[in-house]
Every structure is written in structure tokens, then in C-alpha cells.
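Asks: In my numbering, the protein residues as written are 2 to 602.
A virtual CB, placed ideally from N, CA and C, is assigned to each residue, including glycine.
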Amino acid sequence: MTQSRPGSLGLLAEFLFWWLAALGVYFGSPSELHTHIPQGTEGVATVPLFNLWTIEWNVDRLEHGLNEYWHAPIFAPQRGAFAFSEPQPHTMLLAPLVWATNGVVAYNILFLTYLALNGWCMLQLMRELEIPWQWAWVAAGMSFLQPFVIWQSGVMQLTTLFAPICVIWCVVRLQKSPGWQRGCVLGVAFSFCYYVCNYYALFLSILAPAFLVLAGWRLFHWSFWKAVFIAAAVSVLLVGPVVWGQWKNLKLVKSERGLDLVRQLSAHASDYCHSRSPRIQTLDISRWGDQNRSGWYLGAGSVLMATSLAGMVGGLWRSSRRKWTLFWLAFGLLAFAASCGPLLRWRTLAPYQWLMTWYPGLDAIRSPFRFAVFVQLALVGLTAEGLWAMQCLAESLFLPTSPRENEDFVEVKNESPRWQTRLGTGLSVGFPLLFAAAAFVQIWPAGLVLTKVPQRNPNAEWIQWLQQNTAPDEVLICLPFANGTSVERYLDSTIWMRDGLDHKRPIANGYSGFFPEHFMDLRAQLDMSQQAGESDDGYRERLQNFPSEKACSWMRDRNVHLLVVRTAAMPPQVLQALSRFQELSRDEQSGIIIYSIDLEK
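Have a look at this one:
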């Protein structure tokens with residue numbers, strides 16, 4: 002019961018359908034593509050703006066022949082700062098779009114393309130697994146609206162579910178017919194997965210044992226392993242330059258995550274009962290979870306979970322579907338175990354903690370709960386099997402039996418009214434469609450936010466002043482400075498980073514996945530928040546003398562002489578305190594003042 006594969010125009014039409022669907026889900030009007038970017042469910046636009054800067058930095062470095070690519074000037078004088086986050090070098094392909102329009106349009110086009118590919122690639126995988134067309138489309142829709150992807154849509158690289166799906170698709174094709182060509186394709190697919198999302202590629206490599214289920218008896222065939230070795234060699238060849246750049250520059254900072262932090266960002270089993278929008282209250286299973294824990298929204302909805310359970314039973318029962326069902330089970334269970342991180346242990350055995358000590362790159366991962374994206378992907382795969390199994394069960398109950406043969410081997414057709422056949426067909430498809438519809442109601446996205454992006458202005462007066470009156474290596478400290486460690490505190494930092502692409506001067510206070518030690522020292526010196534135990538009078542006095550003489554000495558010792566201040570974001574007491582320094586430039590239109598900490602009035 003397989004579906005015919007569409008031609009090139011059909012595939013293009015399918016992709017266009019998913020792209021327009023993504024546009025409709027995330028944007029109220031196409032005009033917003035020029036001015037807004039999706040914030041997803043993030044409380045603040047720090048991460049989306051940081052990813053926008055990443056695209057613009059890649060294009061900027063392409064214009065300069067990749068010169069100083071890894072040395073983004075966001076934590077001056079720190080070298081190799083671009084390796085502190087996912088570089089996403091494939092976004093250089095957006096350069097013509099950035100040059101013709103702006104970075105915001107390029108960001109949105111890429112974001113919508115990612116979402117469209119999530120649905121389109123899942124549709125191709127379901128066809129490869131010979132799922133009937135109606136359930137293939139349902140599975141594609143569920144991948145398109147996967148709850149984890151929607152929840153994390155403010156982190157653009159985590160929306161690239163299509164990349165792991167493509168890797169699975171290539172593995173399925175390889176196990177059907179091992180050969181060097183398909184080995185090469187698998188290597189390219191995995192490499193591309195690493196380029197678009199380091200997280201997902203690393204996670205997939207850890208979940209690789211689940212793919213052995215697909216191999217079956219081919220595990221004992223040399224042709225299979227030869228194709229696997231070719232895939233590995235191609236991956237190393239293509240990924241090597243990026244991995245080398247990251248490894249070389251991450252050595253400059255402490256990149257290992259503390260075990261306590263990793264535990265905090267690990268999943269609990271009860272988190273899989275929590276969904277962001279349980280629209281059908283009677284089917285809400287969040288009450289089964291730990292009510293004293295806020296947890297992570299890792300649930301995919303009770304209907305999808307129930308349907309995937311039906312897929313597990315039906316898939317294991319039918320021999321023709323057993324291999325695929327076992328794969329999704331192994332894949333999902335391994336991902337679930339990994340998402341629990343160091344919390345998963347039995348007596349002295351802690352598999353994840355053990356992996357952190359020797360598996361390359363895992364010690365730099367702080368959020369094991371993100372393995373949940375693959376748990377949900379496995380649930381979608383099992384759901385497709387479950388809907389098909391429901392259809393088969395309904396057909397056996399509602400449709401007339403197939404033609405029989407008598408003892409003389411003469412075919413005898415069952416006589417049944419046409420209406421009965423049509424009714425049976427409708428019931429056999431309609432019954433599982435009800436489950437699919439309920440699942441879509443539960444996972445339909447809610448609470449998505451667009452954020453208006455501050456417009457870059459390379460001709461701003463303060464930027465022109467910096468270009469004309471400072472040396473290219475003049476380090477700037479931009480205020481307000483981030484106070485604390487939460488992502489909300491770094492919104493201004495991402496705006497300063499984008500301004501840096503215009504004035505071309507290094508800044509000392511940026512944002513990334515890791516922070517160098519000197520930045521932490523500087524943050525402590527320029528913290529404008531009230532400290533625990535600090536009296537109101539003491540706090541007021543500290544603001545009136547901001548920055549302190551100790552902080553000024555610290556900056557001068559590190560060859561920092563200029564403060565760039567966005568006045569609208571500063572407390573009045575601090576603006577008054579800063580007025581003791583010599584004002585070098587004032588841009589009233591932009592609300593920017595530049596001070597010299599070497600000159601006091």
C-alpha cells in the first residue's frame with residue numbers, strides 16, 4: 002500500500018505548500034518579513050538577535066575573504082570568540098539576499114525554509130518507509146508543527162529538524178542497498194547537519210546505535226560496513242575544518258560545563274507530561290507530572306502519545322513493519338535516556354556522566370533536555386505506524402472480506418452493497434483521522450511572538466565619529482552592560498554587536514554561548530544591579546559614583562578608554578555620574594553619548 006512518488010514539479014509544489022504554511026503560522030503579514038523576526042516563545046529577543054548577528058557576521062566575513070573569521074570582536078581583546086557559539090557557516094549562501102535587502106529578510110527567509118523543509122523531508126522519509134500517503138502527510142504535518150521545535154523557535158538552529166530527518170532518510174536508503182554512492186550521500190547529509198546545528202549532529206552521533214536496528218543481517222555484510230566507513234570519511238573531510246577551528250579556539254576558554262548546571266538543564270520523566278498548550282483539557286496529562294516542578298515543556302500531547310503507543314503495538318504485531326517500529330522505539334528510548342543527562346543513574350552507574358568524560362564535545366553541552374526533540378520525532382514516526390494500524394484494523398471490521406476461492410479454484414466474489422463498501426472505507430480512514438485531528442489540535446502552536454528588529458544605521462553620527470576619530474583596534478565598552486547571567490540581561494549586548502558590524506571597532510561586552518574570564522571580571526566591575534544584602538543607601542551611592550575608580554583603573558590597565566552609552570537604557574543617577582567624564586560625541590538622534598574615561602571635567 003505505497004504511494005507513487007511525485008516528479009520534480011510535484012516535489013517543488015509540495016515544498017512551496019510547506020513554505021507558505023510556515024509563513025501563515027508565524028507571520029501575520031508578508032510585510033513583517035522586512036522588519037520583524039520570530040521570537041518564538043522566548044521571553045526576550047536576545048537569542049534571535051544573536052542569530053541575526055551570526056548571519057550578518059558570516060556575510061561580512063565573506064566580503065573580506067573570510068579574514069579573521071573566528072575572531073569576532075565581541076569580547077575584545079579575546080581571540081577566537083566566534084567559536085564560542087554555533088558558527089552556521091552555511092548562512093554565507095544568504096549573502097546575495099542580504100546585499101539586495103537586509104539581514105532581517107534573509108533571517109526570515111531562512112527560518113521559513115527550515116520549517117518548510119521539516120515537513121517536506123519528513124514526507125519523503127515516510128514515503129521511503131512505505132507509509133500510505135494520507136498518514137505520510139499527517140506525519141509530515143506533525144514534524145512541521147513539532148512542539149519542541151515550536152517551543153525553541155527563538156533559537157533558529159534548533160528549528161532545523163529536517164537535517165536529522167535527512168540523515169535518517171539516507172541511513173534507510175543505505176541499508177536497503179549499501180554502496181559507496183549512498184555512503185557518500187550519508188556523509189554529506191551528516192556534515193550538512195553539523196553545519197546547520199552542531200547540537201543535532203552531536204546528538205545523532207550518540208544515538209547512532211539505534212540505526213543498527215535497521216541494518217539487520219546486513220551487519221554481517223562487508224558491503225554495509227564499507228558504505229558506513231565511506232560515510233564517516235566523507236563526514237570527517239567536510240566537517241573537519243569547522244571542528245578544527247572550534248576546537249583550537251575553545252581551548253582559549255573554559256568550555257567544560259559544570260555538572261551542577263548540566264543537572265539543572267536535564268529532563269525529568271515528568272517533563273514529558275507537560276505541553277505548552279493543552280487545548281483539550283479533558284486529555285491534559287500534565288497533572289500526572291510533578292506539580293512542584295516547573296520543568297521543561299517536552300510533552301507532545303496525550304493523543305499523539307496514545308497513537309504512538311498504538312503504532313508500537315501494531316508495528317510489532319505486523320512482521321512487515323517490525324523493523325521500522327523497533328528502530329523508532331530504540332531511537333526514542335535512547336534519546337529519552339540521554340535527555341535525562343546525569344540524572345539517569347543506577348547506583349554508581351551514570352552513563353551520561355561517563356560519556357561526558359570521554360565523548361568529544363559532550364562536555365560542552367549544557368542542555369541535555371534538548372535530546373527531547375528526537376523523542377518527539379520518534380513519537381511522530383510511531384504515530385504514522387499507529388494511524389496505519391488503526392486503518393488496517395478498521396478495514397478488517399467494516400469492509401467486506403476479500404474474494405475467496407472454492408474447492409474448484411473458481412473465484413467467488415462477495416456480494417455487498419456499494420454503500421456498505423463506501424461506508425466501510427470512510428470509517429476505516431475516518432477513525433484514525435479523528436485521532437490525527439485531535440493530535441493537531443493539541444500541538445497547534447500558541448503564544449508565538451514577533452519582535453521588531455532595531456534598524457542598523459551605518460550613517461549614524463556616533464558611528465561616523467568613531468570611524469573618523471578612533472583607531473581600528475580601539476576597544477569600546479558599551480553601556481548598559483549586562484547585569485547577571487540570565488539571557489534577558491544581554492538584549493542590549495546583541496544590539497551593540499550589530500552596531501559593531503558598522504563602526505568596525507571591537508567591543509568588550511558581547512554575548513555568546515561561552516564567556517571569557519576577563520569578561521566576567523568586567524561584568525562584576527560594571528554591575529549596576531542592587532546586590533543581595535546591599536542597602537538602598539549603599540546602592541544609591543554606588544550608582545552616583547559609577548563607574549568606580551577601581552573599574553576605571555581596571556579598564557585603563559587593559560587599554561580601554563572609551564565608553565559608548567545608550568542614554569535611554571541608563572538610570573538617571575548613572576547618567577549624572579558619567580557626566581564627570583569628558584564628552585567626546587553626542588548623537589541626539591540615536592541617543593548615544595561617547596565618553597573618555599581618561600579625561601574628567
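1. For a minimum of 3 consecutive residues, which ranges assigned as the beta strand (DSSP E) are wholly contained in the segment 132–159?
2. Just the C-alpha distance for Glu129 and Val173, rounded to the nearest angstrom, thanks.
3. What ranges does the alpha helix (DSSP H) occupy inside the segment 195–251, keeping only unbroken runs of at least 4 residues that lie completely in it?
4. If you follow the alpha helix (DSSP H) that Thr308 is part of, which residue opens it and which one closes it?
5. Would you please state the rounded distance, in angstroms, between the beta carbons of Ile166 and Cys122? I believe it to be under 8 Å.
6. Near Leu13, what residues of its chain come up, given a Cβ to Cβ distance below 6 Å and the 5 sequence neighbours on each side ignored?
7. Three or more beta-carbon pairs under 8 Å between the segment 531–541 and the segment 98–111, yes or no?
8. Would you kindly work out how many angstroms separate the C-alpha atoms of Pro39 and Leu477, rounded to a whole number?
9. Using only alpha-carbon positions, find the residue among Leu95, Thr55 and Pro97 that is nearest to Ala84.
10. Can you tell which of Ser192, Ile231 and Val454 has its C-alpha closest to the C-alpha of Asp500?
11. Residue ranges of each beta strand (DSSP E) run of no fewer than 3 residues wholly in the segment 5–79, ordered along the chain?
12. Using a 10 Å radius around the Cβ and a threshold of 16 neighbouring Cβ atoms, would you call Trp218 buried or exposed?
13. Using 8 Å as the Cβ pair cut-off and three pairs as the minimum, do the segment 458–478 and the segment 17–24 touch?
14. Report the residue from Leu113, Leu111, Leu579 and Leu118 whose alpha carbon sits nearest the alpha carbon of Cys553.
15. How many angstroms separate the CA atom of Gly511 from the CA atom of Leu563?
16. Inspect the CB distances between the segment 357–369 and the segment 390–398 and report whether three or more fall short of 8 Å.
17. Can you give the Cα-Cα distance for Leu124 and Leu330, rounded to whole angstroms?
18. Taking only three categories from DSSP, how would you classify Ile598?
19. Where do the N-terminal and C-terminal ends of the beta strand (DSSP E) with His275 fall, by residue?
20. Rounded to the nearest angstrom, how far is the Cβ of Ile110 from that of Ser513, given a contact under 8 Å?
21. Extract the residue ranges of the beta strand (DSSP E) inside the segment 449–503, only unbroken runs of 3 or more that lie entirely within it.
22. Taking the beta strand (DSSP E) that Val565 falls in, what are its first and last residues?
23. What does a CB cutoff of less than 6 Å around Asn250 pick up in its chain, not counting 5 residues either side in sequence?
24. Below 8 Å on the Cβ atoms is my guess for Thr42 versus Gly448; work out the distance and round it to an integer in Å.
25. Quick check on DSSP: helix, strand or coil for Trp329?
26. Does the beta-carbon of Glu550 have 16 or more other beta-carbons within 10 angstroms, so that it is buried, or is it exposed?
27. Any chance the segment 250–269 sits against the segment 88–97, with 3 or more Cβ pairs inside 8 Å?
28. Please state the DSSP three-state secondary structure of Trp347.
29. Assuming Thr504 and Leu480 form a contact by the criterion Cβ under 8 Å, report the distance between their Cβ atoms to the nearest whole angstrom.
30. Do you know how far the Cα of Asn560 is from the Cα of Asp599?
31. Let me check understanding here. Comparing Cα to Cα, which of Cys185, Phe221, Ser154 and Ile169 lies closest to Leu205?
32. Compute the distance between the beta-carbons of Ala336 and Phe372, then report whether it is under 8 Å.
33. Looking only at DSSP bridge pairs, what is Phe582 linked to?
34. Indicate whether Val565 and Phe547 have their beta-carbon atoms separated by less than 8 Å.
35. If you follow the alpha helix (DSSP H) that Leu126 is part of, which residue opens it and which one closes it?
36. Which same chain residues end up closer than 6 Å to Thr308 when comparing Cβ atoms and leaving out the 5 residues on each side of it in sequence?
Replies: So, from the listed chains and residues:
1. Within the segment 132–159, no run of beta strand (DSSP E) at least 3 residues long lies entirely inside it.
2. To locate residue 129, count along the sequence shown from 1; it is residue 128. To locate residue 173, count along the sequence shown from 1; it is residue 172. Going from the Cα of Glu129 to the Cα of Val173 covers about 8 Å.
3. Whole alpha helix (DSSP H) segments, 4+ residues: 199–207, 213–216 and 223–251.
4. By one-based count along the sequence shown, residue 308 stands at place 307. Counting along the chain, the alpha helix (DSSP H) containing Thr308 begins and ends at Ser303 to Trp318.
5. Counted from its first residue, the sequence shown places residue 166 at position 165. Counted from its first residue, the sequence shown places residue 122 at position 121. Right, the Cβ-Cβ distance comes to about 4 Å (below 8 Å), so this counts as a contact.
6. Along the sequence shown, read from residue 1 onward, the residue named residue 13 stands at position 12. If we look at Leu13 and ignore the five residues flanking it on each side, it has no Cβ neighbours.
7. no
8. As a working note, residue 39 is residue 38 in the sequence shown. As a working note, residue 477 is residue 476 in the sequence shown. Spanning the two alpha carbons is a distance of roughly 30 Å.
9. To locate residue 84, count along the sequence shown from 1; it is residue 83. Ranked by how close their Cα comes to the Cα of Ala84, the residues Leu95, Thr55 and Pro97 have Thr55 in first place.
10. Taking the first residue of the sequence shown as position 1, residue 500 is located at position 499. Taking only the C-alpha atoms, the option nearest Asp500 is Val454.
11. The segment 5–79 contains these whole beta strand (DSSP E) runs: 37–41.
12. Here residue 218 refers to the residue found at position 217 of the sequence shown. Trp218 comes out exposed.
13. no
14. Mapped onto the sequence shown, residue 553 falls at position 552. Per the Cα distances, Leu579.
15. The count along the sequence shown starts at 1 and reaches residue 511 at position 510. The count along the sequence shown starts at 1 and reaches residue 563 at position 562. Those two C-alpha atoms are separated by around 16 Å.
16. Contact check between the segment 357–369 and the segment 390–398: fewer than three CB pairs, one atom from each, fall below 8 Å, which does not count as touching.
17. Residue numbering aside, residue 124 sits at position 123 when the sequence shown is read from its first letter. Residue numbering aside, residue 330 sits at position 329 when the sequence shown is read from its first letter. Computed Cα separation, rounded: 20 Å.
18. Numbered from 1 along the sequence shown, position 597 holds the residue referred to as residue 598. In this structure, Ile598 counts as strand in the three-state DSSP scheme.
19. What you label residue 275 is simply residue 274 of the sequence shown in a count that begins at 1. Where His275 is concerned, there is no enclosing beta strand (DSSP E), given that its DSSP letter is neither H nor E.
20. Along the sequence shown, read from residue 1 onward, the residue named residue 110 stands at position 109. Along the sequence shown, read from residue 1 onward, the residue named residue 513 stands at position 512. At roughly 24 Å, the Cβ-Cβ gap does not stay under 8 Å, so Ile110 and Ser513 are not in contact.
21. 450–453 and 476–480
22. As a working note, residue 565 is residue 564 in the sequence shown. Residues Val561 to Arg567.
23. In the sequence shown, residue 250 corresponds to position 249, counting from 1. Within the same chain, Cβ atoms closer than 6 Å to the Cβ of Asn250 are found at Trp71, Gly81 and Ala84, the five residues on either side in sequence being excluded.
24. Taking the sequence shown and counting its residues from 1, one reaches residue 42 at position 41. Taking the sequence shown and counting its residues from 1, one reaches residue 448 at position 447. Yes, they are in contact, since the Cβ atoms of Thr42 and Gly448 sit about 6 Å apart, within 8 Å.
25. Translated into the one-based positions of the sequence shown, residue 329 becomes position 328. Three-state DSSP puts Trp329 in a helix.
26. In the sequence shown, counting from the first residue as 1, residue 550 sits at position 549. Classification for Glu550: exposed.
27. Fewer than three pairs of CB atoms, one per stretch, sit closer than 8 Å, so the segment 250–269 makes no contact with the segment 88–97.
28. Within the sequence shown, the letter at position 346 stands for residue 347. Three-state DSSP puts Trp347 in a strand.
29. For the purposes of this step, residue 504 is taken as residue 503 along the sequence shown, with counting starting at 1. For the purposes of this step, residue 480 is taken as residue 479 along the sequence shown, with counting starting at 1. It should be pointed out that residue 504 corresponds to His in this sequence rather than to Thr. Contact flag wrong, Cβ pair sits at about 16 Å.
30. As a working note, residue 599 is residue 598 in the sequence shown. As a working note, residue 560 is residue 559 in the sequence shown. Cα to Cα, Asp599 sits roughly 11 Å from Asn560.
31. Here residue 205 refers to the residue found at position 204 when the sequence shown is read from its first residue. Answer by Cα proximity: Ile169.
32. Here residue 336 is taken as the residue at index 335 of the sequence shown, counted from 1. Here residue 372 is taken as the residue at index 371 of the sequence shown, counted from 1. At a Cβ-Cβ threshold of 8 Å, Ala336 and Phe372 count as neighbours.
33. Counted from its first residue, the sequence shown places residue 582 at position 581. Looking at the DSSP assignment, Phe582 forms a beta bridge with Glu601.
34. What you label residue 565 is simply residue 564 of the sequence shown in a count that begins at 1. What you label residue 547 is simply residue 546 of the sequence shown in a count that begins at 1. No; because the gap between Cβ atoms is not below 8 Å, this pair is not in contact.
35. As a working note, residue 126 is residue 125 in the sequence shown. Following the DSSP letters along the chain, one finds Leu126 inside the alpha helix (DSSP H) bounded by residues Gly104 to Glu129.
36. The residue labelled residue 308 in the question sits at position 307 within the sequence shown. Counting only Cβ-Cβ distances below 6 Å, and skipping sequence neighbours, we find Thr384, Gly387 and Phe436.
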